[in-house]
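J.: The numbers in our numbering rise by one with no breaks, and the one at position 332 of the sequence shown is 1250.
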Amino acid sequence: MKRLRFLISAGLAVAFAVQFSCAAQKPFELSIIHINDHHSHLDPEPLELKNNGKTYEIEAGGMARVASQIKALKQRSRNTLVLHAGDAMSGTLYFTLFKGQADVELMNEIGFDAFTLGNHEFDEGDEVLARFIDKANFAIITANVEVLKGSELYDKWKPYIIKEIDGQKVGIIGLETAQKTSASSRPSSAVSFYDEILRTQRYADELRSQGIDKIILLSHFGYENDQRLAQKVKGIDVIIDGDSHTLLGDFSAIGLASTGKYPTIVRSSEGKEVCIAQAWEYSKAVGELHVVFDKSGDVLSCSGKAHLISGDNIYLKDAKGQKKQIEKNNLYVLQDAL
919 MKRLRFLISA
929 GLAVAFAVQF
939 SCAAQKPFEL
949 SIIHINDHHS
959 HLDPEPLELK
969 NNGKTYEIEA
979 GGMARVASQI
989 KALKQRSRNT
999 LVLHAGDAMS
1009 GTLYFTLFKG
1019 QADVELMNEI
1029 GFDAFTLGNH
1039 EFDEGDEVLA
1049 RFIDKANFAI
1059 ITANVEVLKG
1069 SELYDKWKPY
1079 IIKEIDGQKV
1089 GIIGLETAQK
1099 TSASSRPSSA
1109 VSFYDEILRT
1119 QRYADELRSQ
1129 GIDKIILLSH
1139 FGYENDQRLA
1149 QKVKGIDVII
1159 DGDSHTLLGD
1169 FSAIGLASTG
1179 KYPTIVRSSE
1189 GKEVCIAQAW
1199 EYSKAVGELH
1209 VVFDKSGDVL
1219 SCSGKAHLIS
1229 GDNIYLKDAK
1239 GQKKQIEKNN
1249 LYVLQDAL
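(1) Between which two residues does the beta strand (DSSP E) holding L1203 run?
(2) Around the C-beta of V1192, are 16 or more other C-beta atoms found within 10 angstroms, so that it is buried, or is it exposed?
(3) Taking 7 Å as the threshold (C-beta atoms), are D1052 and N997 in contact?
(4) Just to confirm the assignment: which complete alpha helix (DSSP H) runs, minimum length 4, are found wholly within the region 1062-1121?
(5) Tell me the rounded alpha-carbon separation between L960 and N970.
(6) For Y1112, does the count of other Cβ atoms within 10 angstroms reach 16, so buried, or fall short, so exposed?
(7) Take the Cβ of T1118 as the centre, count every other Cβ of all protein chains shown within 10 Å, and call the residue buried at 16 or more, exposed below.
(8) I need the straight-line Cα distance from I1090 to S995, nearest angstrom please.
(9) In its own chain, which residues sit with a C-beta less than 7 Å from the C-beta of L1047, not counting the 5 before and 5 after it?
(10) Given V1088, which residues of its chain have a CB within under 6 Å of its CB, disregarding the five upstream and five downstream residues?
(11) A941 to L948, Cα distance in whole Å?
(12) Would you mind reading off the limits of the beta strand (DSSP E) that contains K972?
(13) Which partner residues does F1033 have in the DSSP bridge list?
(14) Mind checking R983: buried by the 16 CB within 10 Å criterion, or exposed?
(15) Which same chain residues, not among the five before or five after R923, have their C-beta less than 7 Å away from its C-beta?
(16) Please name the residue or residues paired with N969 in a DSSP beta bridge.
(17) Looking at the strands, I want to know which residues DSSP matches up with Q1243.
(18) For V1109, collect the residues of the same chain with a Cβ closer than 6 Å to its Cβ; drop the 5 residues on either side in sequence, then sort them by chain order.
(19) Could you check what DSSP says for F1169 in three-state terms: helix, strand or coil?
(20) CA-CA distance, V1184 and A1122?
(21) What whole-angstrom Cβ distance do G1153 and H1138 have, given they're in contact under 8 Å?
(22) Anyone know if the C-beta pair for I1158 and L1125 falls short of 7 Å?
(23) Using 10 angstroms around the beta-carbon of S1214, count the other beta-carbons present and answer buried if the total reaches 16, otherwise exposed.
(24) Near N1026, which residues of its chain fall below 6 Å by C-beta distance, leaving aside the five closest residues on each side in sequence?
(25) Between F1013 and chain B, is the shortest Cβ-Cβ distance under 7 Å, so that the two count as touching?
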């Protein structure tokens, strides 16, 4: 009897060990929902689309619809991050009147996990940016911008954050476009900008030294620049991009020109896949990137799309520019693209 109990106990122990081992080796799936460069475009705006020689007009964008889209995407995915790749402010009357306060309130409602600074965050100087950050209930991260002690912006952001998702730790590094911001915006002399590639490598190494093997770069450095960065920096798995207002994916069926594939995949200097995604501009798209990591934290696959944000009203425009409302459900090509 003792021998039987021993064998049963041993068998159960082996079974639990095998089950635990399989769970530990199971690929980790992550969904990254993201926007960039909304530039205080809080309301929907007209957008022309073309199909089969006809011109249509839709109401595109609007932060209320962005919020609804993000909520819907979160509900259908288990492990999610919601990220903003910079340039929330500057560009419409909302910014002229409210100096970013309307933007940050809506961003708080949406529930972003992290935001990196864009060059236009500095357009009205340090004080306006400080007020924006003070109201934010999401993490502000930027690795290559430092501020002197005593400034209004001192200690307002960190170079990165670490999020634990389904038992897995994910590092997120923020990145600003350095030369462009210092040259064309209005940061004070207390603000210093540093090389994008060197700082990204520095903090990727720091995260790796802590055992973090899944690292996202939340970057306001631009699509072309980030492709070059991805080829030079070691340890970055995903880049959520902003600054260049780039539409990625195939929207030729509705007459929109895109710059590349969503996601764009490049090889790092280590020969590993790096997935790059961006979601256009002015709250007109929400990106949905699905990434699968292996047990070592390397990318097994990445896929997804930029969802164009539109209302229910679609108008057909004639040669004179006159508009006639039509049913969205009757336009399957447009419906699929949107």
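Every residue gets a Cβ at the ideal spot worked out from N, C-alpha and C, and that includes glycine.
T.: According to the structure shown:
(1) Locating residue 1203 in the sequence shown gives position 285, counting from the first residue. Inspection of the sequence shows that residue 1203 is occupied by Ala rather than by Leu. Per DSSP, the continuous beta strand (DSSP E) segment holding A1203 begins and ends at A1203 to F1211.
(2) Along the sequence shown, read from residue 1 onward, the residue named residue 1192 stands at position 274. V1192 should be labelled buried.
(3) Stepping through the sequence shown from its first residue, residue 997 is reached at position 79. Stepping through the sequence shown from its first residue, residue 1052 is reached at position 134. In this structure, D1052 does not lie closer than 7 Å to N997 by Cβ.
(4) With a minimum length of 4 residues, the continuous alpha helix (DSSP H) runs that stay inside the region 1062-1121 are 1096-1102.
(5) The count along the sequence shown starts at 1 and reaches residue 960 at position 42. The count along the sequence shown starts at 1 and reaches residue 970 at position 52. Roughly 31 Å between the two C-alpha positions.
(6) Position 194 of the sequence shown holds residue 1112. Result: exposed.
(7) On the sequence shown, residue 1118 is found 200 positions in, with the first residue counted as 1. Buried, since its Cβ has 16 or more Cβ neighbours within 10 Å.
(8) One-based indexing of the sequence shown puts residue 1090 at position 172. One-based indexing of the sequence shown puts residue 995 at position 77. Spanning the two alpha carbons is a distance of roughly 19 Å.
(9) Your numbering for residue 1047 matches position 129 in the sequence shown. The beta carbon of L1047 lies closer than 7 Å to those of E1039, F1040 and L1071 in the same chain, with the five residues before and after it left out.
(10) Here residue 1088 refers to the residue found at position 170 of the sequence shown. The residues are K1081 and K1132.
(11) Residue mapping note: residue 941 aligns to position 23 of the sequence shown, counting from 1. Residue mapping note: residue 948 aligns to position 30 of the sequence shown, counting from 1. Unreliable placement is indicated for A941, whose pLDDT of 46 sits below 50; no coordinate value is reported for it.
(12) Here the question's residue 972 lines up with position 54 in the sequence shown. Start and end: K972 to A978.
(13) One-based indexing of the sequence shown puts residue 1033 at position 115. Bridge partners of F1033: H1002 and I1058.
(14) As a first step, residue 983 is located in the sequence shown; it is residue number 65 there, counting from the start. Burial call: buried.
(15) Your numbering for residue 923 matches position 5 in the sequence shown. Here R923 scores only 49 on pLDDT, less than 50, and its place in the model should not be relied on; the value that follows carries that caveat. For R923, there are no CB contacts under 7 Å within the same chain when 5 residues up- and downstream are skipped.
(16) On the sequence shown, position 51 is the one that residue 969 refers to. Answer by DSSP bridge pairing, in chain order: K972.
(17) Locating residue 1243 in the sequence shown gives position 325, counting from the first residue. Q1243 is bridged to Y1233.
(18) Within the sequence shown, the letter at position 191 stands for residue 1109. Correct list, in chain order: V1065.
(19) As a position in the sequence shown, residue 1169 is number 251, starting the count at 1. In the three-state scheme derived from DSSP, where H, G and I count as helix and E and B as strand, F1169 is classed as coil.
(20) Locating residue 1184 in the sequence shown gives position 266, where the first residue counts as 1. Locating residue 1122 in the sequence shown gives position 204, where the first residue counts as 1. Approximately 17 Å between the Cα atoms of the pair.
(21) To locate residue 1153, count along the sequence shown from 1; it is residue 235. To locate residue 1138, count along the sequence shown from 1; it is residue 220. Cβ-Cβ separation between G1153 and H1138: approximately 20 Å, too far for a contact (criterion under 8 Å).
(22) The residue given as residue 1158 occupies position 240 in the sequence shown. The residue given as residue 1125 occupies position 207 in the sequence shown. No, they are not a contact pair.
(23) Here the question's residue 1214 lines up with position 296 in the sequence shown. A residue is called buried once 16 or more other Cβ atoms fall within 10 Å of its Cβ, and S1214, having fewer, is exposed.
(24) Along the sequence shown, read from residue 1 onward, the residue named residue 1026 stands at position 108. Excluding its 5 nearest sequence neighbours in each direction, N1026 has C-beta neighbours in its own chain below 6 Å: N1055, listed in chain order.
(25) The question asks about chain B, but that chain is absent: this structure has only one protein chain.
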